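Student: In full-length UniProt numbering, the protein residues as written are 1 to 89.
C-beta: ideal position from N, C-alpha, C; glycine also.
These numbers come from a predicted model, not from an experiment.
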């Protein structure tokens, strides 16, 4: 569904089980795996700075990425609305 990389970590969002590590050209990568619905729930909880933004996304299923971006947009709009309500006299 989605795959990204950050330093020595690989992000994989997939329905399939994946190994904990992957080695390529003598470099070992730690695999961070999420199931698609669990990943969306983390984004809804506002954890996009931990599980999405730092990663360079290299592969995604178009429909799933649209869902991810829609969730991120709705979380941002909710944040902006809360901030606006707090700043009202």
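How should residue 6 be labelled, buried or exposed, when 16 other C-beta atoms within 10 angstroms of its C-beta is the threshold for buried?
Tutor: Classification for residue 6: exposed.
Student: CB-CB under 6 Å to residue 59, same chain, minus the five flanking residues each way: which ones, in chain order?
Tutor: So the qualifying residues of the chain are 3.
Student: Verify whether the separation of the beta carbon atoms of residue 43 and residue 11 is less than 8 Å.
Tutor: For residue 43 and residue 11, no; Cβs fall outside 8 Å.
Student: For residue 31, write down the residues that DSSP places opposite it in a beta bridge.
Tutor: Answer by DSSP bridge pairing, in chain order: 10.
Student: What residues are listed by DSSP as bridge partners for residue 5?
Tutor: BP columns for residue 5 point to 10, 56.
Student: Note down the Cα distance separating residue 39 from residue 17, rounded to an integer number of angstroms.
Tutor: Cα-Cα distance, rounded: 14 Å.
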